[in-house]
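Colleague:
Protein chains in written order, with the working numbering: chain A, 37 to 151; chain B, 15 to 127.
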């Protein structure tokens, strides 16, 4: 069975500082990997995704993530956070070959941004 | 990007009544739709997968008679919470997919009083 672990429940970062959110997955086949952001009371917005190819993927809002197969990780990074980046972030894994792409989500990491 | 509209965004209902939540793909045909539930400060848990024209597949522990899912067309799926109770209060989110990527609705906050 597939699973996703986000080790950090909360992260507090100063505005302008760099941010890294960890994500580890367990999946028997080649995974689809996603990062989503959720503002309070809202749905999910896709930040970026990895299917194949270049293991460093660029997303929206200045985010990037690196797929490391050897470590089963897909960590999300941003060089300089803005106050508007305060939100909940979810890593998710889906089946590469499955139509419809049922996703398994990690527990989420809440990011707080200090002025 | 593809747009998924979920309605209503918020609903308050009395205990024992039923509530219907709609999920529409506005600019693409969704062969598969998913319904998730999210408790406060927790992650999303998949409830069921629905394919157009067939019965939904429920995840273990989800009562199919309580959470009725209908996927009558390629652009619409509905989730009906029947005989709602306070413990059903939650945030429900749908996603729609036409292939390898899923697009999410904005969610529905259900409060049962």
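Built from N, CA and C at the ideal position, the CB exists for glycine as well.
At which residues does the beta strand (DSSP E) containing residue 62(A) begin and terminate?
Modeller: 60-62
Colleague: Using alpha carbons as the reference points, say which of 56(A), 129(A), 141(A) lies closest to residue 101(A).
Modeller: In terms of Cα proximity to residue 101(A), the closest of 56(A), 129(A), 141(A) is 56(A).
Colleague: Which residue wins for smallest C-alpha separation from residue 93(B), given the options 118(B), 61(B), 45(B)?
Modeller: Considering only 118(B), 61(B), 45(B), the residue with the shortest C-alpha distance to residue 93(B) is 61(B).
Colleague: When you compare the CB of residue 100(A) with every CB in chain B, is at least one pair closer than 7 Å?
Modeller: no
Colleague: Have a look at residue 24(B) and residue 42(B) and give me their C-alpha separation to the nearest angstrom.
Modeller: 25 Å
Colleague: How far does the beta strand (DSSP E) with residue 115(B) in it reach, from first residue to last?
Modeller: It is not in any beta strand (DSSP E) - residue 115(B) carries neither H nor E in the DSSP assignment.
Colleague: So what does residue 59(B) bridge to, in DSSP terms?
Modeller: 51(B)
Colleague: Report the residue from 146(A), 142(A), 149(A) whose alpha carbon sits nearest the alpha carbon of residue 41(A).
Modeller: 142(A)
Colleague: What span of residues does the beta strand (DSSP E) with residue 21(B) cover, start to end?
Modeller: 18-21
Colleague: Going by CA-CA distance only, name the one from 130(A), 49(A), 79(A), 84(A) that's closest to residue 112(A).
Modeller: That would be 84(A), whose Cα lies nearest to the Cα of residue 112(A).
Colleague: Please report the straight-line C-alpha distance between residue 91(A) and residue 114(A), rounded to a whole angstrom.
Modeller: 16 Å
Colleague: Compare the C-beta of residue 150(A) with all C-beta atoms of chain B and state if any pair is closer than 7 Å.
Modeller: no
Colleague: What residues from chain B crowd round residue 126(A), counting only those whose CB sits closer than 9 Å?
Modeller: Ordered by position in chain B, the residues that pass the 9 Å Cβ test against residue 126(A) are 57, 58.
Colleague: Going by beta-carbon coordinates alone, are residue 68(A) and residue 144(A) separated by less than 7 Å?
Modeller: no
Colleague: Got a sec: is the Cβ-Cβ distance from residue 112(A) to anything in chain B below 7 Å?
Modeller: no
Colleague: Are the segment 83-93 of chain B and the segment 32-49 of chain B touching, with three or more C-beta to C-beta distances below 8 Å?
Modeller: The segment 83-93 of chain B vs the segment 32-49 of chain B: in contact.
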